[in-house]
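Colleague:
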Amino acid sequence: IFYGHKRIGRGGRIFPCLKFRTMVQDGERVLTAHLAANPEANAEWIATRKLKNDPRVTRVGQVLRKLSLDELPQIINILQGDMSLVGPRPVVRDELEIYGSAAVYYLKSRPGLTGLWQVSGRNDVSYDSRVAFDRHYVENWSLFEDIRIIFKTVPAVWMSRGSY
-17 IFYGHKRIGR
-7 GGRIFPCLKF
3 RTMVQDGERV
13 LTAHLAANPE
23 ANAEWIATRK
33 LKNDPRVTRV
43 GQVLRKLSLD
53 ELPQIINILQ
63 GDMSLVGPRP
73 VVRDELEIYG
83 SAAVYYLKSR
93 PGLTGLWQVS
103 GRNDVSYDSR
113 VAFDRHYVEN
123 WSLFEDIRII
133 FKTVPAVWMS
143 RGSY
């Protein structure tokens, strides 16, 4: 029921980012086959590292993701000090490499349950935009901005904007 995917935290520390399991067990194989057979899906994956119609996601997983409930177990990560309530999205090593020179900014803060990317379109924005949002957040951190992001998270989740 729970899934702990290895993510990169502050200072490059690897931690198990907890989620409710929303994908099939052999997800990597399913993804590889799907991307090889579908050029449009492959282009979407390259641009966003997400798929609107991801064949790995189960029916229950679709509901959990649409309602953003799949990430509730990350509250445990917050209590353990691996994550913060607000911050950049937790990334895997391959994604951190895509950050390029912005990786140094990502590594300065704890990843967050919510953040600027999540309230600025989530999966509807390109991966480059996500990196820019994360960098902007770290460079311009303030308590006021965190509070603003928390308040913007509620309608973003309620309206399911950019969630899939």
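In our numbering, the protein residues as written are -17 to 146.
By construction, the Cβ of each residue, glycine as well, lies at the ideal position given by its N, Cα and C atoms.
As the structure is a prediction and not an experimental result, all values here were calculated from the model.
1. By how many angstroms is the C-alpha of asparagine 122 removed from the C-alpha of alanine -14?
2. Alpha helix (DSSP H) containing proline 21: first to last residue?
3. Give me, in chain order, the residues of the same chain whose beta-carbon lies closer than 6 angstroms to that of asparagine 24; leave out the 5 immediate sequence neighbours on both sides.
4. Taking 7 angstroms as the threshold (beta carbon to beta carbon), is arginine 71 in contact with chain C?
5. Apply the 10 Å Cβ neighbour rule to serine 66 and answer buried if 16 or more other Cβ atoms are within range, or exposed otherwise.
6. Assuming leucine 46 contacts aspartate 52 (C-beta within less than 8 angstroms), just tell me the rounded distance between them.
7. Less than 8 angstroms between the CB atoms is what I'm expecting for threonine 160 and tyrosine 109, so what's the real figure, rounded?
8. Taking buried to mean at least 16 other C-beta atoms within 10 Å of its own C-beta, is asparagine 59 buried or exposed?
9. Buried or exposed, going by whether 16 or more other CB atoms sit within 10 Å of the CB of threonine 40?
10. At the level of alpha carbons, what is the spacing between glutamate 79 and valine 42?
11. Which stretch, first to last residue, makes up the beta strand (DSSP E) that contains valine -4?
12. Note down, one range per segment and in chain order, each beta strand (DSSP E) of at least 3 residues found wholly within the stretch 67 to 127.
Modeller: Taking the structure as given:
1. Against the sequence shown, residue -14 aligns to sequence position 4. Against the sequence shown, residue 122 aligns to sequence position 140. Checking the displayed sequence, the identity of residue -14 turns out to be glycine instead of alanine. Straight-line Cα distance between these residues: approximately 30 angstroms.
2. Here residue 21 refers to the residue found at position 39 when the sequence shown is read from its first residue. Run containing proline 21: 21 to 30, per the alpha helix (DSSP H) assignment.
3. Here residue 24 refers to the residue found at position 42 of the sequence shown. Once the five neighbours on either side are set aside, the close Cβ partners of asparagine 24 are Leu17.
4. Protein chains in the displayed structure number just one, and chain C is not present.
5. The count along the sequence shown starts at 1 and reaches residue 66 at position 84. With 16 or more other Cβ atoms within 10 Å, it is buried.
6. Within the sequence shown, residue 46 is the residue found at index 64, counting from 1. Within the sequence shown, residue 52 is the residue found at index 70, counting from 1. About 4 angstroms; that satisfies the 8 angstroms criterion.
7. With the chain covering -17 to 146 only, the question about residue 160 has no answer from this structure.
8. For the purposes of this step, residue 59 is identified with residue 77 of the sequence shown, where counting begins at 1. It counts as buried.
9. Translated into the one-based positions of the sequence shown, residue 40 becomes position 58. It is exposed - the Cβ of threonine 40 has fewer than 16 other Cβ atoms within 10 Å.
10. Residue mapping note: residue 79 aligns to position 97 of the sequence shown, counting from 1. Residue mapping note: residue 42 aligns to position 60 of the sequence shown, counting from 1. Going from the Cα of glutamate 79 to the Cα of valine 42 covers about 32 angstroms.
11. Sequence index remark: in the sequence shown, residue -4 carries index 14 (1-based). Before going on, a small fix: residue -4 reads as isoleucine here, not valine. Start and end: -4 to 2.
12. 94 to 96
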